[in-house]
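Be aware that the sequence shown starts at 5, since it is given in this note's numbering, and climbs by one per residue. Just so it is clear, CB atoms sit at the ideal spot from N, CA and C, and this is done for glycine as well.
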Amino acid sequence: MSTVQIDRLLETVIRQDASDLHLSVNRKPTIRLHGRLRELDTKVLDGDDTMSLMKAITPERSQQELQEEGTCDFGFAYGDEGRFRVSVFRQKGNLAIVLRLIPNRLLTFEEIGLPGICKEIIRRPRGLFLVTGPTGSGKTTSLATMIDYINMNMDRHIVTVEDPIEYYHNHKKSIVNQREVGTDVTSFSEALRRVLRQDPDVILVGEMRDLETIESAITAAETGHLVFATLHTTGAAGTINRIIDAFPTNQQEQVRVQLSVTLICVLSQALLRRIDKPGRVAAYEFLVVTPAIANLIRENKVFRIDSSIQTGKKFGMQLLDDHLWSLYTNGVISADEMIDKGKNSGDLTEKVHRAGGVVGRTELDEEED
Numbered sequence: 005m006s007t008v009q010i011d012r013l014l015e016t017v018i019r020q021d022a023s024d025l026h027l028s029v030n031r032k033p034t035i036r037l038h039g040r041l042r043e044l045d046t047k048v049l050d051g052d053d054t055m056s057l058m059k060a061i062t063p064e065r066s067q068q069e070l071q072e073e074g075t076c077d078f079g080f081a082y083g084d085e086g087r088f089r090v091s092v093f094r095q096k097g098n099l100a101i102v103l104r105l106i107p108n109r110l111l112t113f114e115e116i117g118l119p120g121i122c123k124e125i126i127r128r129p130r131g132l133f134l135v136t137g138p139t140g141s142g143k144t145t146s147l148a149t150m151i152d153y154i155n156m157n158m159d160r161h162i163v164t165v166e167d168p169i170e171y172y173h174n175h176k177k178s179i180v181n182q183r184e185v186g187t188d189v190t191s192f193s194e195a196l197r198r199v200l201r202q203d204p205d206v207i208l209v210g211e212m213r214d215l216e217t218i219e220s221a222i223t224a225a226e227t228g229h230l231v232f233a234t235l236h237t238t239g240a241a242g243t244i245n246r247i248i249d250a251f252p253t254n255q256q257e258q259v260r261v262q263l264s265v266t267l268i269c270v271l272s273q274a275l276l277r278r279i280d281k282p283g284r285v286a287a288y289e290f291l292v293v294t295p296a297i298a299n300l301i302r303e304n305k306v307f308r309i310d311s312s313i314q315t316g317k318k319f320g321m322q323l324l325d326d327h328l329w330s331l332y333t334n335g336v337i338s339a340d341e342m343i344d345k346g347k348n349s350g351d352l353t354e355k356v357h358r359a360g361g362v363v364g365r366t367e368l369d370e371e372e373d
């Protein structure tokens with residue numbers, strides 16, 4: 005398979021607005037479109053195909069890493085049309101490649117449906133703003149939208165640490181410096197150790213992967229910076245527990261106190277397939293840390309946070325399941341999609357039945373409709 009072929013595959017991803025391209029041996033190239041896998045009408049790939057496709061797009065440095073580690077991740081620009089985030093890995097002795105399309109155009113708050121209160125919160129001079137959710141739930145896009153909003157409307161020095169850099173930001177009203185782990189800096193924790201000397205106002209940590217990175221992010225938020233960070237957790241309460249549990253037991257008390265002071269909000273999101281029109285829609289859980297919630301964190305009563313979110317609607321708060329329910333009742337998503345992505349699937353299933361709905365339809369049923 006020649007490089008012309010990889011160009012044709014990438015063109016197809018961009019033209020069809022697919023989110024991912026999967027290249028695996030013994031299968032035709034497959035795209036993910038609106039959350040579903042679709043085979044392309046080309047030949048079934050063999051080991052030589054995936055090897056030459058890998059060589060066509062993978063920089064020397066990453067090929068070296070693949071050789072040593074059996075996997076590598078990198079990003080590359082495909083002309084002006086888009087950027088791709090790539091993961092190459094070995095499986096059964098062959099190579100497999102997954103490419104995620106990162107659109108060139110930054111979206112607005114309204115386009116992705118981010119809670120409006122986020123605009124007020126990101127004007128704050130300091131604190132920790134967490135964006136959480138499973139892989140592929142649109143965390144990167146939400147962060148890019150917020151960074152772009154700051155960049156357009158405020159004069160700030162923004163430093164991002166990413167692995168790899170996904171959305172490219174040009175300097176607008178702010179200065180934006182983006183550091184890529186592996187290219188510009190060795191690790192997230194190293195970048196965070198250095199960042200405080202770089203006169204930042206806003207810091208974005210692509211992922212809080214280890215204890216050192218979590219500690220550095222909290223310290224940066226404590227010392228008067230606005231810090232954005234992501235975690236692969238579902239729900240606001242789960243996120244807070246996850247951070248506290250990352251620390252040794254003898255430090256957890258102190259971390260609770262630090263978090264109660266530095267955490268300003270948790271935005272937890274899920275991405276769902278729409279049924280009203282082609283495409284996907286995001287559902288959000290949003291926790292704003294009020295003095296009452298700061299107390300719950302400090303006193304280790306995180307289990308009570310969900311009911312505080314429910315009563316905190318006037319602060320712009322909402323539970324993920326409530327947002328999912330409103331998307332379902334407005335005919336935007338299916339019952340099954342809501343239950344798959346919800347936190348309390350049992351409760352949601354019961355609500356659907358009470359409302360006279362049906363749960364448990366297969367994908368084939370949907371396609372026949």
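His357 burial status per 10 Å Cβ neighbour count (16 or more: buried): As a working note, residue 357 is residue 353 in the sequence shown. The residue in question, His357, is exposed, as its Cβ has fewer than 16 Cβ neighbours within 10 Å.
Assign Ser311 to buried or exposed, taking buried as 16 or more other Cβ atoms, counted over all protein chains shown, within 10 Å of its Cβ. Indexing the sequence shown from 1 puts residue 311 at position 307. By the Cβ-count criterion, Ser311 is exposed, with fewer than 16 other Cβ atoms from all chains shown falling within 10 Å of its own Cβ.
If you run the structure through DSSP and keep just helix, strand and coil, what is Phe251? Residue mapping note: residue 251 aligns to position 247 of the sequence shown, counting from 1. In the structure shown, Phe251 sits in coil (DSSP, three-state: anything other than H, G, I, E or B).
Using a Cβ-Cβ cut-off of 8 angstroms (strictly less than) and excluding sequence neighbours within five positions of Lys383, which residues of its own chain qualify? In this structure the chain extends from 5 to 373, so residue 383 is not present and cannot be described.
Does DSSP classify Asn304 as helix, strand or coil? One-based indexing of the sequence shown puts residue 304 at position 300. If DSSP states are grouped into helix, strand and coil, Asn304 belongs with coil.
Candidates Val102, Asn299, Ile35 and Arg213, of which the one nearest Leu267 by Cα: Translated into positions along the sequence shown, residue 267 becomes position 263. The residue from Val102, Asn299, Ile35 and Arg213 with its alpha-carbon nearest to that of Leu267 is Asn299.
Taking just the CA atoms, how far does Asp203 sit from Ile35? Here residue 35 refers to the residue found at position 31 when the sequence shown is read from its first residue. Here residue 203 refers to the residue found at position 199 when the sequence shown is read from its first residue. If you draw a straight line from the Cα of Ile35 to the Cα of Asp203, it is about 42 angstroms long.
Residue closest to Val135, alpha-carbon to alpha-carbon, out of Arg246, Ile151, Cys269 and Ala286: Looking up residue 135 in the sequence shown gives position 131. Closest by alpha carbon: Cys269.
Here's a check: name, in chain order, each residue in its chain whose Cβ is nearer than 8 angstroms to the Cβ of Thr62, leaving out the five neighbours to either side. If you number the sequence shown from 1, residue 62 lands on position 58. Sequence-distant partners of Thr62 (beyond 5 residues in either direction) whose C-beta falls short of 8 angstroms from its own C-beta, in its chain, are Leu70, Cys76, Phe78, Val90 and Val92.
Measure how close the beta-carbons of Asn108 and Arg87 come, nearest whole angstrom, since I'm counting them as under 8 angstroms. Taking the sequence shown and counting its residues from 1, one reaches residue 108 at position 104. Taking the sequence shown and counting its residues from 1, one reaches residue 87 at position 83. Asn108 to Arg87, Cβ: 7 angstroms. Contact.
Would you report the Cα separation of His327 and Leu271, rounded to the nearest angstrom? As a working note, residue 327 is residue 323 in the sequence shown. As a working note, residue 271 is residue 267 in the sequence shown. If I take the Cα positions, the gap works out to 13 angstroms.
Once the 5 residues before and after Thr46 are set aside, which same chain residues still bring their CB inside 7 angstroms of it? Walking along the sequence shown from the start, residue 46 turns up at place 42. Here Thr46 has Lys32 and Pro33 as same chain residues with Cβ atoms under 7 angstroms from its own Cβ, once five neighbours each way along the sequence are excluded.
Might you give, ordered along the chain, the residues of its own chain that have their beta carbon closer than 6 angstroms to the beta carbon of Val8, omitting 5 neighbours on each side? Locating residue 8 in the sequence shown gives position 4, where the first residue counts as 1. Confidence is the limiting factor: at Val8 the pLDDT is only 45, short of 50, which leaves the residue's position unreliable, though a coordinate-based value still follows. Here the set comprises nothing.
For the stretch 235-292, list the beta strand (DSSP E) runs that are entirely contained and at least 3 residues long, ordered along the chain. List check, beta strand (DSSP E) in window: 267-277 and 284-292.
As an exercise, report each continuous beta strand (DSSP E) stretch of at least 3 residues that is fully enclosed by the stretch 93-177, in chain order. Those beta strand (DSSP E) runs which fall completely within the stretch 93-177 and span 3+ residues are 98-107, 131-136 and 161-166.
Val209 beta carbon less than 8 angstroms from that of Ala233: If you number the sequence shown from 1, residue 233 lands on position 229. If you number the sequence shown from 1, residue 209 lands on position 205. In contact: Ala233 and Val209 (Cβ atoms closer than 8 angstroms).
So, using beta-carbon positions, are Ile154 and Ile126 closer together than 8 angstroms? Here residue 154 refers to the residue found at position 150 when the sequence shown is read from its first residue. Here residue 126 refers to the residue found at position 122 when the sequence shown is read from its first residue. Their beta carbons are under 8 angstroms apart, which means Ile154 touches Ile126 by this criterion.
Distance, Arg277 Cα to Thr139 Cα: Working through the sequence shown from its first residue, we reach residue 139 at position 135. Working through the sequence shown from its first residue, we reach residue 277 at position 273. Their backbone Cα atoms lie some 15 angstroms apart in a straight line.
Assign Asp24 to one of three DSSP states: helix, strand, or coil. Along the sequence shown, one-based indexing puts residue 24 at 20. In the structure shown, the three-state DSSP call for Asp24 is strand.
Kindly indicate which three-state DSSP category Glu194 falls into: helix, strand or coil? As a working note, residue 194 is residue 190 in the sequence shown. Three-state result, Glu194: helix.
Considering just the uninterrupted stretch of the alpha helix (DSSP H) at Asp77, what are its terminal residues? Working through the sequence shown from its first residue, we reach residue 77 at position 73. The continuous stretches of alpha helix (DSSP H) do not include Asp77, which lies in the beta strand (DSSP E) extending over residues Thr75 to Tyr82.
By the DSSP assignment, the beta strand (DSSP E) with Gln322 in it spans what residues? For the purposes of this step, residue 322 is taken as the residue at position 318 of the sequence shown. From DSSP, Gln322 is part of no beta strand (DSSP E); its letter is neither H nor E.
Rounded separation between Leu324 and Lys59 - CA only: The residue labelled residue 324 in the question sits at position 320 within the sequence shown. The residue labelled residue 59 in the question sits at position 55 within the sequence shown. Approximately 42 angstroms between the Cα atoms of the pair.
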